[in-house]
Amino acid sequence: MPMSTLFADRFCLRRPLNDALYGPVGLYEDTKRGEIVAIKQVSLARAVAALRRNPNMDNPWSEHRVVSRLMTLPPHTNVVRFRGEFLHMQDTWCVVMEFCPGGDLWDLLECSPKNRLPESEARQLFRQCVRGVRFLHAHGIAHRDLSLENVFYCRGVCKIGDFGLSTDAALRGSGEAVGKAYYMAPEVVNQE
Numbered sequence: 001m002p003m004s005t006l007f008a009d010r011f012c013l014r015r016p017l018n019d020a021l022y023g024p025v026g027l028y029e030d031t032k033r034g035e036i037v038a039i040k041q042v043s044l045a046r047a048v049a050a051l052r053r054n055p056n057m058d059n060p061w062s063e064h065r066v067v068s069r070l071m072t073l074p075p076h077t078n079v080v081r082f083r084g085e086f087l088h089m090q091d092t093w094c095v096v097m098e099f100c101p102g103g104d105l106w107d108l109l110e111c112s113p114k115n116r117l118p119e120s121e122a123r124q125l126f127r128q129c130v131r132g133v134r135f136l137h138a139h140g141i142a143h144r145d146l147s148l149e150n151v152f153y154c155r156g157v158c159k160i161g162d163f164g165l166s167t168d169a170a171l172r173g174s175g176e177a178v179g180k181a182y183y184m185a186p187e188v189v190n191q192e
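What follows is the structure in C-alpha cells.
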C-alpha cells in the first residue's frame, strides 16, 4: 500500500508484527517523538464488507470511539497506551499505540515450560488484568473480548488491548454473544 508523505515522513517501518483482521500491524519508529510504536492499519473498505456479512465482528468505528476516549484519560499501567490515530489514504484508519515487546499472553504461554506458568506468576498477571478491567469499567468501557491474544505483555506487566468489540458499558447490548467462543462461559454459548 503506498504511504502518504505525512505518514512516510513521520513513521519508519522497522518490521511487520502480524496481520490483523482488517490489515497489518507493524513496528515503527516515530521520528517526531523518537520512540518505537506499534501501528495497526485498518482497511475501512474491508471492515464495511465484513460487517455487512456479520455485524458482530470487530467494528473499527466502535474501536475508534473507545481509543479516542482512552486518549483523553490518564494512562493506566494495565491498558495499552494509545499515542494517536489518523486517516491514511482516505480508506485506512491507523492507530498508533505503545509497543509491547513481550507479545501477548498466548505468546508468553507458548514459550513457557509445558505451556504453563507457575501459579504465583499466573495469579499476579490475573490481578493486573483485573486492575485494567476495573479501570475500563470505571470509565464506561466494556471490552467484550478479553482473551490471551488481547492481553499484551510488556516487561512483566499485562496490558489490555485490541478494543475492536468494545462498547460503551452504559449501552444495552444487542443480546448477541461476541468474542471468541472458546473463551465464553457455557451459558453464553448456549444462550441461557
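Letter by letter, the sequence shown follows residues 1 to 192 in UniProt numbering. Glycine included, each C-beta is placed from N, C-alpha and C at the ideal position. None of these values were measured; they are calculated from a predicted model.
Per the C-alpha coordinates, the member of L117, Q124, L136, K114 positioned closest to G161 is L136. The Cβ-Cβ distance between D91 and A45 falls below 8 Å. Counted as a single uninterrupted DSSP element, the beta strand (DSSP E) harbouring D19 occupies residues 11-20. Judged by DSSP in its simplified three-state form, F163 adopts coil rather than helix or strand.
Residue state for R53 is assigned as helix, using DSSP reduced to three classes. Boundaries of the beta strand (DSSP E) around D30: 23-30. The beta carbons of V37 and F99 sit closer together than 8 Å.
If you look at R123, you'll find it in the alpha helix (DSSP H) that goes 119-138.
Here the stretch 113-126 does not lie against the stretch 63-78, with fewer than 3 beta-carbon pairs under 8 Å apart.
CA-CA distance, P60 to K114, rounds to 36 Å.
Linking P75 to C12 through their CA atoms gives a straight-line distance of about 25 Å.
The closest CA to that of L148, considering only G102, R14, L51, V42, is found on G102.
Burial check for N150: the Cβ neighbour count within 10 Å reaches 16 or more, so the residue is buried. F99 carries a coil assignment under DSSP once its states are collapsed to helix, strand and coil.
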